[in-house]
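Participant: Quick note, the sequence shown lines up with residues 4 to 163 if you use the working numbering. Structure incoming, see below.
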Amino acid sequence: MEYMITEQKFSYNSASLDRSLELGNKLAGLIKPPLLIEMVGDLGGGKTALVKSIAKGLGIEQTVTSPTFNIHRGYESPNGIRLEHFDLYRLNDDEIVANELKDCLEDPKTIVCTEWANHFSSHLAEDRLTVECHYISENERRYDFKSTGPKSSKIIEGLK
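This is how it looks when you write it as structure tokens:
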């Protein structure tokens with residue numbers, strides 16, 4: 004018997020930077036590459052901070068910075084998992100970036116985190132974890148997770 008996994012949702016309220024770090028560590032333990040994490044939300048919503056905490060949870064020792072001006076930054080964990088971080092805020096459907104994004108998504112050892120990917124929706128993986136990042140106050144954020152397939156649904160089940 005076959006069945007379809009329906010969309011899963013989960014919200015996480017973070018009242019401090021430490022709670023956001025805990026969330027990133029937990030996510031890092033649940034994520035199995037290849038995977039796309041699509042991050043959406045206003046400026047200051049905590050997108051880059053969440054990527055930093057995921058990187059830390061993966062054991063990445065490099066300093067993770069926003070790729071706003073570089074568009075793309077890559078990092079490698081000690082166990083060979085790649086974390087590719089894209090910030091597509093200033094771009095429209097740029098073919099060069101779309102091809103680079105596609106190449107990263109096809110690498111079986113890569114986790115891709117994209118900020119502002121709405122202009123590139125046709126290039127995104129069908130099964131991805133979408134995270135809406137909301138600014139609540141200076142130290143408080145809310146993260147709303149949504150799955151789009153079986154792999155991302157498993158991650159949300161692990162977060163609950």
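Don't be surprised by glycine CBs; every beta carbon is placed ideally from N, CA and C.
Please go through the same chain and pick out, in chain order, the residues whose beta-carbon is closer than 7 Å to the beta-carbon of residue 56, but skip the five residues on each side of it.
Facilitator: In the sequence shown, the residue the question calls residue 56 occupies position 53. The answer, listed in chain order, is 23, 24, 26, 27, 28.
Participant: Closest by CA to residue 132, which one among 91, 83, 30?
Facilitator: The sequence position of residue 132 within the sequence shown is 129, counting from 1. Per the Cα distances, 30.
Participant: Is there a C-beta anywhere in chain D that falls below 8 Å from the one on residue 104?
Facilitator: The structure shown has no chain D; it contains just one protein chain.
Participant: Let's see if you can read the secondary structure: which residues bound the beta strand (DSSP E) around residue 134?
Facilitator: For the purposes of this step, residue 134 is taken as the residue at position 131 of the sequence shown. Segment 132 to 138, the beta strand (DSSP E) holding residue 134.
Participant: May I ask you to verify whether the region 76 to 89 touches the region 38 to 47, counting CB pairs closer than 8 Å and requiring at least 3?
Facilitator: At 8 Å Cβ cutoff, the stretches do not touch.
Participant: Of all the options 108, 60, 76, 74, which has the alpha carbon lying nearest to the alpha carbon of residue 125?
Facilitator: Walking along the sequence shown from the start, residue 125 turns up at place 122. The shortest C-alpha separation from residue 125 is found at 108.
Participant: Beta-carbon separation of residue 159 and residue 114 under 8 Å?
Facilitator: Start at 1 with the first residue of the sequence shown, and residue 159 comes out as number 156. Start at 1 with the first residue of the sequence shown, and residue 114 comes out as number 111. It is not a contact, given that the beta carbons lie outside the stated cut-off.
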